[in-house]
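The structure under discussion appears below in the form of structure tokens.
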Amino acid sequence: MDRASNSFHHGIRNSFESKTNSSFSHRSISMSPESRPGDPIKRYGIISYGKESPHIKKRSVSRSRHDHHYSIPETPDLYSSFTPEIDKAQTNLSNKRQTIKELNKDWTVNEMLFPGQNVAKLCNIPNPNRRDLNFKEILIDAGFKENCPVIMLSGFNLFQYSELLIGTVRAAMKTDAVIIDNGLRNGFEYSCLRKKVKLIGICPEDQILYPTKVNSGNPPNELSAGHSHLFVLGHKNDNMKWNDIALFKILLADKLRKGVGGSNAFQCRGLCILAGEVEECMKDAERAVHGGWTVLAIEATPIGQEISLILKGKKGKRSLSYLEDAILRGKVFIFPENGNEEDLAMIVHLHLTVTLLTSYWDPDRK
Numbered sequence: 001m002d003r004a005s006n007s008f009h010h011g012i013r014n015s016f017e018s019k020t021n022s023s024f025s026h027r028s029i030s031m032s033p034e035s036r037p038g039d040p041i042k043r044y045g046i047i048s049y050g051k052e053s054p055h056i057k058k059r060s061v062s063r064s065r066h067d068h069h070y071s072i073p074e075t076p077d078l079y080s081s082f083t084p085e086i087d088k089a090q091t092n093l094s095n096k097r098q099t100i101k102e103l104n105k106d107w108t109v110n111e112m113l114f115p116g117q118n119v120a121k122l123c124n125i126p127n128p129n130r131r132d133l134n135f136k137e138i139l140i141d142a143g144f145k146e147n148c149p150v151i152m153l154s155g156f157n158l159f160q161y162s163e164l165l166i167g168t169v170r171a172a173m174k175t176d177a178v179i180i181d182n183g184l185r186n187g188f189e190y191s192c193l194r195k196k197v198k199l200i201g202i203c204p205e206d207q208i209l210y211p212t213k214v215n216s217g218n219p220p221n222e223l224s225a226g227h228s229h230l231f232v233l234g235h236k237n238d239n240m241k242w243n244d245i246a247l248f249k250i251l252l253a254d255k256l257r258k259g260v261g262g263s264n265a266f267q268c269r270g271l272c273i274l275a276g277e278v279e280e281c282m283k284d285a286e287r288a289v290h291g292g293w294t295v296l297a298i299e300a301t302p303i304g305q306e307i308s309l310i311l312k313g314k315k316g317k318r319s320l321s322y323l324e325d326a327i328l329r330g331k332v333f334i335f336p337e338n339g340n341e342e343d344l345a346m347i348v349h350l351h352l353t354v355t356l357l358t359s360y361w362d363p364d365r366k
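Residue numbers (full-length UniProt numbering): 1 to 366.
So, in structure tokens, the structure goes:
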């Protein structure tokens, strides 16, 4: 081999070794007459991986005595050095997709800090009447992953019946039930906080005020601390009333009873307690009766007196005349006017665990 040939081959080898990492395993390759600058595979020949590269056309060439087989390092993986960057890009893409998914949701879930360091989950739903609203995802985002018994309180001014309604808190504590109310100051929310009972407030945003240090005098429509969750529906100036959220309230309560499982999942018991004026409770009563819920009307309240007259077959104001047949056929009961909080706690506990046996429960009856 002459001096020019040796210089040529040593130049190729030195050029290749300077561009590759010596830590890679060595394999035997043969120099191809087609090797040329540009493509790293074509430049250094056809690497013998067991299969020839499909995009390189190999042709037979007569070998001369100057052709040699060199043991040179294997061409490194071109993507190995970019793995951290690729993982980072994929992570950023996943985060971006997650952000887009959250922005496209029909609700937002945040934490609301009340004055006094109490924290509640705040779920804002601008359009609660959408037919395709995913209640399962809403409850998962709000932290509800298992089904539970539900006590749904209907009425705007529940504060005047707070001493009686504390009995529902006792029953909820013993049965792991959640209580649904209007999210306002009702007099028993701090009892729920002490007993670690989940209290869910559902209200239209146009009818409530958010608590701030500026608000003074405890306005009646201010959201109250002590609630574990608050579902605020609609938006300001949309003229949404309390009766307009009755459908959302009953659908959310039904989903809480069934949990996030399928249609065959175990369903817990639910009880709707009516304690307020006829006009503010009539939609809740209608949804509950037609939905197959057990309804317990407090006789000391206006709507309780109206339903009591219907069940006794007497004439009254007849504000609920359109519901008379449904009330008579449904599971509607009266809690008597002479009952106290312990009686209410017992009757609610019995229903959530066993059943209600009579349409008119009398604590003095032997």
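All residues carry an ideal CB built from backbone N, CA and C; glycine is no exception.
Start and end of the alpha helix (DSSP H) containing L193? Here residue 193 refers to the residue found at position 193 of the sequence shown. Counting along the chain, L193 sits inside the alpha helix (DSSP H) bounded by residues E189 to K195.
M346 to G116 span [Cα, whole Å]: As a first step, residue 346 is located in the sequence shown; it is residue number 346 there, counting from the start. As a first step, residue 116 is located in the sequence shown; it is residue number 116 there, counting from the start. Going by the C-alpha atoms only, they are around 33 Å apart.
Residue 368 (DSSP reduced to helix, strand or coil): In the structure as shown, the chain begins at 1 and stops at 366. Residue 368 is therefore absent and cannot be evaluated.
State the Cα-Cα distance for the pair K105 and E111, rounded to the nearest angstrom. Position 105 of the sequence shown, counting from 1, holds the residue named residue 105. Position 111 of the sequence shown, counting from 1, holds the residue named residue 111. In this structure, the CA atom of K105 is about 17 Å from the CA atom of E111.
Residue interval of the alpha helix (DSSP H) (run including E342): The sequence position of residue 342 within the sequence shown is 342, counting from 1. Here the alpha helix (DSSP H) through E342 covers E341 to T353.
Label D238 either buried or exposed according to how many other C-beta atoms from any shown protein chain fall within 10 Å of its C-beta, with 16 as the threshold for buried. What you label residue 238 is simply residue 238 of the sequence shown in a count that begins at 1. Exposed.
Given 8 Å as the limit, is there contact between the region 289-307 and the region 177-185, that is, 3 or more CB pairs closer than that? Cβ pair count under 8 Å is below three, so no.
So, helix, strand or coil for A326, using DSSP? As a working note, residue 326 is residue 326 in the sequence shown. Shown here, A326 sits in a helix according to DSSP, grouped into three states.
Residue ranges of each beta strand (DSSP E) within the region 196-270, 3 or longer: Listed in chain order, the complete beta strand (DSSP E) runs (minimum 3 residues) inside the region 196-270 are 199-204 and 229-233.
Name the DSSP beta bridge partners of I273, please? What you label residue 273 is simply residue 273 of the sequence shown in a count that begins at 1. DSSP, once it has assigned bridges, lists L153 and L296 as partnering I273.
The alpha helix (DSSP H) enclosing K121, as first and last residue numbers: Stepping through the sequence shown from its first residue, residue 121 is reached at position 121. Element bounds for K121: not the alpha helix (DSSP H) but the beta strand (DSSP E), V119 to I125.
For the alpha helix (DSSP H) containing E337, list its first residue and its last residue. Indexing the sequence shown from 1 puts residue 337 at position 337. No alpha helix (DSSP H) contains E337, which DSSP labels as neither H nor E.
At least 3 beta-carbon pairs within less than 8 Å: the region 239-251 vs the region 142-149: No, the region 239-251 is not in contact with the region 142-149.
Endpoints, the beta strand (DSSP E) within which L165 is located: Position 165 of the sequence shown, counting from 1, holds the residue named residue 165. Unbroken run through L165 is the alpha helix (DSSP H), S162 to T175; no beta strand (DSSP E).
Check each candidate in W107, H349, E277 and L323 and name the one with the smallest Cα separation from A288. One-based indexing of the sequence shown puts residue 288 at position 288. If we check each option's Cα against that of A288, L323 comes out closest.
Burial state of H349, where buried means 16 or more other Cβ atoms lie within 10 Å: Indexing the sequence shown from 1 puts residue 349 at position 349. H349 comes out buried.
Decide yes or no for the touch test of the region 150-160 against the region 323-337: beta carbon pairs closer than 8 Å, at least 3 of them. Result no; under three Cβ-Cβ pairs closer than 8 Å.
Just curious, the beta strand (DSSP E) that E286 is in, first and last residue? Position 286 of the sequence shown, counted from the start, is the residue given in the question as residue 286. Counting along the chain, E286 falls outside any beta strand (DSSP E), though it belongs to the alpha helix (DSSP H) covering V278 to H290.
Evaluate E337 with the Cβ neighbour count: other Cβ atoms within 10 Å of its Cβ, from every protein chain shown; 16 or more gives buried, anything less gives exposed. Taking the first residue of the sequence shown as 1, we reach residue 337 at position 337. Here E337 is exposed, its C-beta having fewer than 16 other C-beta atoms within 10 Å.
Where T99 falls, given that 16 or more other Cβ within 10 Å makes a residue buried: Stepping through the sequence shown from its first residue, residue 99 is reached at position 99. For T99, the pLDDT reaches just 48, beneath the cut-off of 50, and the residue's location in the model is therefore unreliable, leaving the point undetermined.
Opposing strand residues paired with D181 [DSSP bridges]: Residue numbering aside, residue 181 sits at position 181 when the sequence shown is read from its first letter. D181 is bridged by DSSP to G201.
Taking the DSSP output, what are the residues bridged to residue 370? Because the chain here runs from 1 to 366, residue 370 falls outside it and cannot be looked at.
Give the range of the alpha helix (DSSP H) segment to which E137 is assigned. Taking the sequence shown and counting its residues from 1, the one referred to as residue 137 is at position 137. From DSSP, the alpha helix (DSSP H) with E137 extends over F135 to A142.
Within the 7 Å Cβ cut-off, does L328 reach chain B? Of the chains in the structure shown, none is chain B; there is only one protein chain.
Sort P128, L223 and A171 by Cα distance to N186 and report the nearest one. For the purposes of this step, residue 186 is taken as the residue at position 186 of the sequence shown. The shortest C-alpha to C-alpha distance from N186 to any of P128, L223 and A171 is the one to L223.
Please state if the CB of S228 and the CB of K198 are separated by a distance shorter than 7 Å. In the sequence shown, counting from the first residue as 1, residue 198 sits at position 198. In the sequence shown, counting from the first residue as 1, residue 228 sits at position 228. Yes, these two residues count as a Cβ contact at 7 Å.
Would P220 be called buried (16 or more neighbouring beta carbons within 10 Å of its own) or exposed? Your numbering for residue 220 matches position 220 in the sequence shown. Exposed, since its Cβ has fewer than 16 Cβ neighbours within 10 Å.
Anyone know if the C-beta pair for P204 and L233 falls short of 7 Å? In the sequence shown, the residue the question calls residue 204 occupies position 204. In the sequence shown, the residue the question calls residue 233 occupies position 233. Yes.
Cutoff 6 Å; reference S64; Cβ partners in own chain excluding five residues on either side: Position 64 of the sequence shown, counted from the start, is the residue given in the question as residue 64. With a pLDDT of 47 at S64, under the threshold of 50, the modelled position of this residue cannot be trusted, and the question is left open.
Let me know the secondary structure DSSP gives E146 once reduced to three states. As a working note, residue 146 is residue 146 in the sequence shown. In this structure, E146 counts as coil in the three-state DSSP scheme.
Note down the Cα distance separating Y190 from D206, rounded to an integer number of angstroms. Walking along the sequence shown from the start, residue 190 turns up at place 190. Walking along the sequence shown from the start, residue 206 turns up at place 206. One C-alpha to the other measures close to 25 Å.
Quick check on the burial criterion: 16 or more other C-beta atoms within 10 angstroms. Buried or exposed for L320? Walking along the sequence shown from the start, residue 320 turns up at place 320. Taking all protein chains shown into account, L320 has 16 or more neighbouring C-beta atoms within 10 Å of its C-beta and is therefore buried.
Determine, using beta carbons only, whether A246 and D284 come nearer to each other than 7 Å. Along the sequence shown, read from residue 1 onward, the residue named residue 246 stands at position 246. Along the sequence shown, read from residue 1 onward, the residue named residue 284 stands at position 284. A Cβ-Cβ contact shorter than 7 Å links A246 with D284.
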